[in-house]
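In my numbering, the protein residues as written are 8 to 393.
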């Protein structure tokens, strides 16, 4: 009888220990769920580092703060230049959200990076950009175009991206530009039927119709003369792929502006309203449009301000005001909205930082946690927000 009692006591003790372990595991799991629920998504920046290029990855938290993802910055195979790149869109997300594509301007390559479940990155492919100094990437579906901005024989050239994250050159896709054109941006319209590129140095805009096989046909009259010096950042209106907006960066102090164009099915560009629309700032270089198509933001690199415009139904712009960035910001460049449109993130290249702004219509308010500094040695350029 005494022996049975001892065995029962031991069994009860084991059961109690198991119960305690289960409870502890549940508590830990609950705490982990609480922490992960604070993460809204990720933010990635092309660090453009010399030697081996890297991409910095951050978790985006509900309060607007950024914290590095474990393992960041991620080596991506190619090499950067170690200084700012005069372009928009050097880092892009694939249409299915599974990959990042990064321009490796220092090694004339494009890196494809697989996005892992918790935001980490893994190299899927590194290929030649089929030109020199790749600075901008455009993606629509499986079709990819790159702007190579080398001083001699710059070009736009196409690739296809397969489900495994591998890039293949698209036969017959390369469009060679005159020497010293300095392409600064290449982008698709939202429906993928048009592709546009800006020539910063010669103040021209290339416009193409995209064929069923992905190759390009220049629009009648292309390249078009820009409405200001240094056409730079550009974006099609998300709600109307027939409206194109281009910043004019080289007009001089206080003479910045943004142009609005109507883009026909064949790519022909015609001016909208009283375009270009002044913002009285200096060097508006990067452009981002709200997801609802109602507001346009232009980053003024030389004076560290952001201009806000409202967009009328016909594409005309009305300047709403200019937001001064935190004093730590210097040389703001590429910009990207969060998927829900509530936050605008801006890359500060010279200060190696990311600035965040709460968005309310066309009003921007810098977040209290801004700016967030990047890894040592970075010269950040493009940005992707997931």
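No residue lacks a Cβ here, since even glycine has one placed at the ideal position from N, Cα and C.
### Query
Sorted by chain position, which residues of the same chain lie with C-beta nearer than 8 angstroms to residue 377's C-beta, five sequence neighbours on each side aside?
Reading the chain shown from its first residue, position 370 is the one you call residue 377. The answer, listed in chain order, is 71, 333, 361, 362, 363 and 364.
### Task
Within the same chain, show all residues whose beta-carbon is closer than 6 angstroms to that of residue 139, passing over the 5 residues directly before and after it, in chain order.
The residue given as residue 139 occupies position 132 in the chain shown. Here the set comprises 115, 155 and 157.
#### Entry: Beta-carbon contacts of residue 167 that lie in its chain and below 8 angstroms, excluding the five residues immediately before and after
Residue numbering aside, residue 167 sits at position 160 when the chain shown is read from its first letter. For residue 167, where only same-chain residues beyond five positions count, the Cβ hits under 8 angstroms are 149, 150, 151, 174, 175, 177 and 221.
### Message
Within the continuous beta strand (DSSP E) that includes residue 301, where are the two ends?
### Response
The residue labelled residue 301 in the question sits at position 294 within the chain shown. Taken as a continuous stretch (DSSP letters only), residue 301 belongs to no beta strand (DSSP E), as it is neither H nor E.
### Query
With distances taken from CA atoms, which of 92, 78, 136 and 251 is nearest residue 108?
Mapped onto the chain shown, residue 108 falls at position 101. Here the closest residue by C-alpha is 136.
### Same chain, Cβ closer than 6 angstroms to residue 231, neighbours up to 5 away in sequence not counted
Here residue 231 refers to the residue found at position 224 of the chain shown. Non-local beta-carbon contacts of residue 231 in its own chain, meaning distances under 6 angstroms to residues more than five positions away in sequence, involve 212 and 276 in chain order.
### Task
From the DSSP output, read off the bridge partner residues of residue 294.
On the chain shown, residue 294 is found 287 positions in, with the first residue counted as 1. Paired residue(s): 305.
### Query
Can you tell me where the beta strand (DSSP E) with residue 146 in it begins and where it stops?
On the chain shown, residue 146 is found 139 positions in, with the first residue counted as 1. Element bounds for residue 146: 141 to 147.
### Task
Give the C-beta separation of residue 141 and residue 130 to the nearest angstrom, bearing in mind that I take them to be a contact with Cβ-Cβ under 8 angstroms.
As a working mapping, residue 141 is identified with position 134 in the chain shown. As a working mapping, residue 130 is identified with position 123 in the chain shown. That pair is no contact at about 17 angstroms.
### Query
For residue 257, which residues from the same chain have a beta carbon less than 7 angstroms from its beta carbon, with the 5 sequence-adjacent residues on both sides left out?
Along the chain shown, one-based indexing puts residue 257 at 250. The answer, listed in chain order, is 236 and 237.
### Message
Going by beta-carbon coordinates alone, are residue 50 and residue 390 separated by less than 8 angstroms?
### Response
For this step, residue 50 is matched to residue 43 along the chain shown. For this step, residue 390 is matched to residue 383 along the chain shown. Taking 8 angstroms as the cut-off, the beta carbon of residue 50 is found closer than this to the beta carbon of residue 390.
### Message
I'd like the ranges of any beta strand (DSSP E) spanning at least 3 consecutive residues and lying wholly in the segment 72 to 97.
### Response
If we require 3 residues or more, the beta strand (DSSP E) runs fully inside the segment 72 to 97 come out as 73 to 75.
### Task
Entirely within the segment 102 to 189 and at least 4 residues each: give me those alpha helix (DSSP H) ranges in chain order.
Secondary structure in the segment 102 to 189: no alpha helix (DSSP H) run of 4 residues or longer lies completely within the stretch.
### Closest residue to residue 320 among 246, 393 and 159 (Cα-Cα distance)
Against the chain shown, residue 320 aligns to sequence position 313. Among 246, 393 and 159, the Cα nearest to that of residue 320 belongs to 246.
### Query
Just the Cα atoms here: how many angstroms apart are residue 170 and residue 254?
Start at 1 with the first residue of the chain shown, and residue 170 comes out as number 163. Start at 1 with the first residue of the chain shown, and residue 254 comes out as number 247. Each residue's CA atom was taken as its position, placing residue 170 and residue 254 some 34 angstroms apart.
### Message
Any contact between the segment 198 to 218 and the segment 180 to 189? By contact I mean 3 or more CB pairs, one from each, below 8 angstroms.
### Response
yes
### Task
Have a look at residue 407 and residue 74 and give me their C-alpha separation to the nearest angstrom.
Nothing can be reported for residue 407, as the shown portion of the chain is limited to 8 through 393.
### Query
For residue 92, which residues from the same chain have a beta carbon less than 7 angstroms from its beta carbon, with the 5 sequence-adjacent residues on both sides left out?
Start at 1 with the first residue of the chain shown, and residue 92 comes out as number 85. If we look at residue 92 and ignore the five residues flanking it on each side, its Cβ neighbours are 55, 112, 142 and 388.
### Message
So the candidates are 102, 198, 340 and 311; which of them puts its Cα closest to the Cα of residue 249?
### Response
For the purposes of this step, residue 249 is taken as residue 242 along the chain shown, with counting starting at 1. The residue with the shortest Cα to Cα distance from residue 249 is 198.
### Query
Pick from 191, 96 and 121: whose alpha carbon is nearest that of residue 84?
What you label residue 84 is simply residue 77 of the chain shown in a count that begins at 1. Nearest of 191, 96 and 121 to residue 84, Cα basis: 121.
### Message
Strictly by DSSP, which residues pair up with residue 247?
### Response
Reading the chain shown from its first residue, position 240 is the one you call residue 247. Partner(s): 244.
#### Entry: Contacting residues, own chain, Cβ-Cβ under 6 angstroms from residue 187 (five flanking each side not counted)
For the purposes of this step, residue 187 is identified with residue 180 of the chain shown, where counting begins at 1. Closer than 6 angstroms at Cβ, skipping near neighbours: 158 and 208.
#### Entry: Burial state of residue 341, where buried means 16 or more other Cβ atoms lie within 10 Å
To locate residue 341, count along the chain shown from 1; it is residue 334. It is buried - the Cβ of residue 341 has at least 16 other Cβ atoms within 10 Å.
### Task
Determine the closest residue to residue 270 out of 228, 162, 289 and 292, with distance taken between C-alpha atoms.
Residue numbering aside, residue 270 sits at position 263 when the chain shown is read from its first letter. The option with the nearest alpha carbon to residue 270 is 228.
### Query
Residues bridged to residue 255 by DSSP?
One-based indexing of the chain shown puts residue 255 at position 248. Residue 255 is bridged to 238 and 264.
#### Entry: Rounded separation between residue 324 and residue 78 - CA only
The count along the chain shown starts at 1 and reaches residue 324 at position 317. The count along the chain shown starts at 1 and reaches residue 78 at position 71. Each residue's Cα considered, the two are about 43 angstroms apart.
### Member of 366, 353, 372 and 373 whose CA lies at the smallest distance from the CA of residue 52
Locating residue 52 in the chain shown gives position 45, counting from the first residue. Residue 353 is the option with its Cα nearest to residue 52.
### Message
Taking a contact to mean a Cβ-Cβ separation below 8 angstroms, would you say residue 192 touches residue 240 in this structure?
### Response
By 1-based counting over the chain shown, the position of residue 192 is 185. By 1-based counting over the chain shown, the position of residue 240 is 233. Closer than 8 angstroms, so yes.
### Query
Using the rule of at least 16 other Cβ atoms within 10 Å of the residue's Cβ for burial, across every protein chain shown, is residue 147 buried or exposed?
Position 140 of the chain shown, counted from the first residue, corresponds to residue 147. Residue environment for residue 147: buried (at least 16 other C-beta atoms within 10 angstroms of its C-beta).
### Query
Cβ of residue 311 within 8 angstroms of Cβ of residue 287?
Within the chain shown, the letter at position 304 stands for residue 311. Within the chain shown, the letter at position 280 stands for residue 287. Judged by their CB atoms, residue 311 and residue 287 are not nearer to each other than the 8 angstroms cut-off.
### Query
From this set, 273, 296 and 251, which residue's C-alpha is nearest residue 282's C-alpha?
Start at 1 with the first residue of the chain shown, and residue 282 comes out as number 275. Distances from the CA of residue 282 to each of 273, 296 and 251 were compared; the closest alpha carbon is that of 251.
### Message
With a threshold of 8 angstroms on Cβ separation, who are the neighbours of residue 31 within its own chain once the five nearest residues in sequence on each side are excluded?
### Response
For the purposes of this step, residue 31 is taken as the residue at position 24 of the chain shown. For residue 31, the predicted model reports a pLDDT of 37, less than 50, meaning its position is unreliable; a value from the coordinates is still stated below. Once the five neighbours on either side are set aside, residue 31 has no close Cβ partner at all.
### Query
So the beta strand (DSSP E) residue 337 belongs to, where does it begin and stop?
Position 330 of the chain shown, counted from the first residue, corresponds to residue 337. Counting along the chain, residue 337 falls outside any beta strand (DSSP E), and DSSP gives it neither H nor E.
### Query
Do you know offhand how far residue 392's Cα is from residue 272's?
The residue you call residue 392 lines up with position 385 of the chain shown. The residue you call residue 272 lines up with position 265 of the chain shown. Whole-angstrom Cα-Cα distance: 30 angstroms.
### Task
Output the distance between the C-alpha atoms of residue 371 and residue 330, rounded to the nearest integer angstrom.
Locating residue 371 in the chain shown gives position 364, where the first residue counts as 1. Locating residue 330 in the chain shown gives position 323, where the first residue counts as 1. The alpha-carbon atoms of residue 371 and residue 330 are separated by roughly 7 angstroms.
### Task
Would you identify the three-state DSSP class for residue 371, choosing helix, strand or coil?
Counting from one through the chain shown, the residue named residue 371 turns up at place 364. DSSP places residue 371 in strand when its eight states are reduced to three.
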